[in-house]
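Working notes, structure below.
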Amino acid sequence: MFLNGNATASRGRDRKAVAIPAHRGDTRPCDVRQPRCSVIGGGIAGIAAATILAERGVEVTLYEREPTLGGRLAGWPDELRDGTAVTMSRGFHAFFRQYYNLRGLLRRVDPALDSLTALPDYPLQHSAGLYDSFARVPRTPPWSALGFVALSPSFTWRDLRHMRAGAALPLLDVRLPEIYERYDHLSAREFLDQIRFPAASQHLAFEVFSRSFFADPRELSAAELVLMFHIYFLGSSEGLLFDVPNEPYPQALWEPLGQYLRRHGVRMRTGTAVHSVDPAPGEGHLVTSTAGVQHTDAVVIAVDTSGLRSLVSRSPDLCDERWRTGVGRLRTAPPFLVSRLWLDRPVREDRPGFLGSAGYGPLDNISVLERYEGEAARWARRTGGSVVELHSYAIDPGGDPPGLSRELVAQLHRVYPETRDARIIDERHEVRADCPHFTVGGYQDRPTVLTPDPTVTVAGDLVRTDYPVALMERAATTGFMAANAHLRRWGLRGQTLWTVPNRGRSAALRLLSRLGGKR
Numbered sequence: 133m134f135l136n137g138n139a140t141a142s143r144g145r146d147r148k149a150v151a152i153p154a155h156r157g158d159t160r161p162c163d164v165r166q167p168r169c170s171v172i173g174g175g176i177a178g179i180a181a182a183t184i185l186a187e188r189g190v191e192v193t194l195y196e197r198e199p200t201l202g203g204r205l206a207g208w209p210d211e212l213r214d215g216t217a218v219t220m221s222r223g224f225h226a227f228f229r230q231y232y233n234l235r236g237l238l239r240r241v242d243p244a245l246d247s248l249t250a251l252p253d254y255p256l257q258h259s260a261g262l263y264d265s266f267a268r269v270p271r272t273p274p275w276s277a278l279g280f281v282a283l284s285p286s287f288t289w290r291d292l293r294h295m296r297a298g299a300a301l302p303l304l305d306v307r308l309p310e311i312y313e314r315y316d317h318l319s320a321r322e323f324l325d326q327i328r329f330p331a332a333s334q335h336l337a338f339e340v341f342s343r344s345f346f347a348d349p350r351e352l353s354a355a356e357l358v359l360m361f362h363i364y365f366l367g368s369s370e371g372l373l374f375d376v377p378n379e380p381y382p383q384a385l386w387e388p389l390g391q392y393l394r395r396h397g398v399r400m401r402t403g404t405a406v407h408s409v410d411p412a413p414g415e416g417h418l419v420t421s422t423a424g425v426q427h428t429d430a431v432v433i434a435v436d437t438s439g440l441r442s443l444v445s446r447s448p449d450l451c452d453e454r455w456r457t458g459v460g461r462l463r464t465a466p467p468f469l470v471s472r473l474w475l476d477r478p479v480r481e482d483r484p485g486f487l488g489s490a491g492y493g494p495l496d497n498i499s500v501l502e503r504y505e506g507e508a509a510r511w512a513r514r515t516g517g518s519v520v521e522l523h524s525y526a527i528d529p530g531g532d533p534p535g536l537s538r539e540l541v542a543q544l545h546r547v548y549p550e551t552r553d554a555r556i557i558d559e560r561h562e563v564r565a566d567c568p569h570f571t572v573g574g575y576q577d578r579p580t581v582l583t584p585d586p587t588v589t590v591a592g593d594l595v596r597t598d599y600p601v602a603l604m605e606r607a608a609t610t611g612f613m614a615a616n617a618h619l620r621r622w623g624l625r626g627q628t629l630w631t632v633p634n635r636g637r638s639a640a641l642r643l644l645s646r647l648g649g650k651r
């Protein structure tokens, strides 16, 4: 339920989802002076932290270096050659049904989640002609994994017989943090090779997870891949279908949440970069930003990997040396390219809103925005055209973006031949390199929510946690956790959280996993 701003996440359809109860405390401060907290970063994690802190009566200042909220899901206004006002962004993001805490955040301003619309399928296509769909795959484990095998043309029962069952059995009982102890020294590619997972299915199933991390599977920690398998296949009955915002991110998500934060007294400092966090004389911290210096009792740092490294390098007394050294070793994932095209004619009506692709050179997926986004749909109806978005992940940092964009268009013509005669009315291209890189063996360097200084917490999708969450849901979950840590110290009630089960769902499968692990 979501009443009086004290919202909690819901478990969705999965009866085995796990609740993490909120610690007890007052709903508002009892002291005359409100506690003060600075939240650095206005993406999902920072907004989540600021939300629960403000709801509990904490005096919150939210800093965001960009002019708008949203972090890596931000959008910004633009204008096409024909004078049409549009909203550009960094590209497609899927809101899976397992994102309980992110959805709990969004329900503050949209109780029925009317801003999200469901896509009917999550299709994956290989240039060899293989085509996988998740629309008919059962959602409840273990039938979800078995259903995928039964329905997938890329995964035959003969392939199943050739797999190394003993090596794959631990997937039946994934637990945190044990999976990092067991798999973090392997790459995702090495793990798939060890279990003899079919090559075609690697492209069409597992590599789609590595793409979610904007990473090459040869460099991605196998532990993250195994965690994703648990979250979407054998650990949750929510399935692999997802929702997407039905308007651009600012209009659907961040403008309403920004208004909500302001109503709760949050001081919004967008367009304000934080330079350093230093100890204040006596207690607390001094946050130095382009807006000046502010004294605060506590800090939530919710910035991306490079932002965290830079902030820590300019804050020589933040936490302790060992912690700062670990942060300094964090890496950013390779760059990615998003090309958005406004075409003068439509793609075929049966083309999905989102298609994952493999074997088409650098092209990783195609989105047809008018299938789900109102702004694009209105433009398409008015002009008779289509708005198509092409993604390429883990690109060469020293490569040629304009040449890569042309290659993506050429591959689009292969996948959707009807676009070959289309004229590009306008186009936008975004190259970014700001996602966390979960490298092989890098788990120990990743910061946890808690730091050596109890008045400083860290949140974001780069943060290490013992809960089975990833991507945007990890950002929302750690944002709430970072706020909860401060609320506990101040005697204020925390935020209840939900996750998919933190171990295998079936006792029989857990036993089978343990027996396999002893061989």
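Here the numbering used here = 1-based position in the sequence shown + 132. Glycine included, C-beta positions come from ideal geometry on N, C-alpha and C. The model shown is predicted, which means the values in this text are computed figures rather than measured ones.
Non-local C-beta neighbours of Ile152 in its own chain, meaning closer than 6 Å and more than five positions away in sequence, comprise Leu629, ordered along the chain.
By the Cβ neighbour-count rule, Leu245 is exposed, with fewer than 16 other Cβ atoms within 10 Å of its own.
The DSSP-derived three-state label of Thr587 is coil.
Between the C-alpha atoms of His362 and Ala490 there is a straight-line separation of about 23 Å. Assigned with DSSP and collapsed to three states, Trp622 falls in coil, not helix or strand. Your pair Ser421 and Arg401 checks out as a contact, with CB atoms roughly 7 Å apart and the cut at 8 Å.
For the options Leu522, Trp474, Pro529 and Leu536, the alpha carbon positioned closest to that of Ala508 is the one of Trp474. Using a Cβ distance threshold of 8 Å, Leu237 and Leu393 do not count as a contacting pair. Per DSSP, the unbroken beta strand (DSSP E) holding Ile172 starts and ends at Arg168 to Ile172.
If you draw a straight line from the Cα of Pro388 to the Cα of Val241, it is about 6 Å long. For Asp325, the enclosing alpha helix (DSSP H) begins and ends at Ala320 to Gln326. The bridge partners DSSP lists for Arg472 are Glu521 and Arg560. Contact between the segment 370-381 and the segment 251-260 is present, with at least three C-beta pairs closer than 8 Å. His427 carries a strand assignment under DSSP once its states are collapsed to helix, strand and coil.
In the DSSP assignment, Ile498 falls within the beta strand (DSSP E) that extends over Asn497 to Val500. Residue pairing for Trp208: DSSP places it in a beta bridge opposite Met220. As DSSP reads the structure, Ile179 sits in no beta bridge. For Gly173, the CB contacts under 6 Å within the same chain, skipping 5 residues up- and downstream, are Ala434 and Val435 in chain order. For Pro377, the uninterrupted beta strand (DSSP E) segment begins and ends at Phe374 to Pro377. 8 Å or more divides the Cβ of Val632 from the Cβ of Pro586. Note: Ile152 is bridge-paired with Leu629 in the DSSP secondary-structure output.
Taking one beta carbon from each stretch, the segment 601-619 and the segment 173-192 have 3 or more pairs nearer than 8 Å; the two touch.
Under DSSP, Gln257 shares a beta bridge with Tyr263 and Ser489. Distance from the Cα of Phe224 is smallest, within the candidate group Asn233, Pro167, Asp210 and Ala206, for Ala206. Annotated as distal: Asp452 and Arg213, with beta-carbon spacing of 8 Å or more. Distance from the CA of Gly592 to the CA of Trp275, rounded to the nearest whole angstrom, comes to 32 Å. DSSP links Phe228 through a beta bridge to Phe374. Judged by their CB atoms, Pro349 and Ala320 are nearer to each other than the 8 Å cut-off.
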